[in-house]
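A.B. asks: Following this note's numbering, the numbering of the sequence shown begins with -9 at its first residue and continues without gaps.
Each residue gets a CB set at the ideal place from its N, CA and C atoms; glycine is no exception.
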Amino acid sequence: MHYLIVIGLLTASNLVMTTAWYWHIKPSNNIFPLWQIILISWGIALFEYCLAVPANHLGAQWGIKPFQLKIIQEVVTLVVFTLFAILYLKDEFRLNYLISFAFILGAVYFAFKR
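1. Okay, do the segment 6 to 16 and the segment 76 to 87 touch, 3+ Cβ pairs below 8 Å being the bar?
2. How would you label E38, buried or exposed, when you count the other beta carbons within 10 angstroms and need 16 or more for buried?
3. Using three-state DSSP, classify N20 as helix, strand or coil.
4. Just the Cα atoms here: how many angstroms apart are H(-8) and I21?
5. Counting C-beta neighbours from all protein chains within 10 Å, is the total for G49 16 or more, i.e. buried, or is it exposed?
6. Between Q26, W32 and I(-3), which has its C-alpha nearest A10's C-alpha?
7. Which word fits V69, buried or exposed, when buried means at least 16 other C-beta atoms lie within 10 angstroms of its C-beta?
8. Quick one: using the 10 Å Cβ neighbour count with 16 as the cut-off for buried, is A107 buried or exposed?
9. For my contact list, I62 and L0 are in at a C-beta cut-off of 8 Å; report their separation, rounded to the angstrom.
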C-alpha cells in the first residue's frame, strides 16, 4: 500500500514537471518569448515540489531506501514522459526506445533484489 501512495505521488509530480519542462516545445506553443516560458514553467514546477517532496519523505519513513526511491522516480518519469511525448507532442515512439526502457527495468529489478 505504501508503495502505491509513493508511486501515485511521484506520478502526479512527474506529470506536472514534464508539463513544466516540455509544454512549450509543441509548435503551437512557440508564441511565447523565452522569458515568459521560463516564468510559466517555474509557476507550474512549484506544484511538482508539493508532490515530490512528500512522496520521498513518506517513502523514506515507510522504509523505502533512497536509491530505491530514486529508481522508482526515474521509471515513473520515463513512463510519464513517453505518454506525454506520444499523446501531447505527437512524437514517434521507436523500437530503440523500448529496448532502452527494458534495460532500465532490469536496473530496477537489481535495485530491489536483496
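C.D. replies: Per the coordinate set shown:
1. yes
2. buried
3. coil
4. 42 Å
5. buried
6. W32
7. exposed
8. Outside the displayed range of the chain (-9 to 104) lies residue 107, so it cannot be described from this structure.
9. 6 Å
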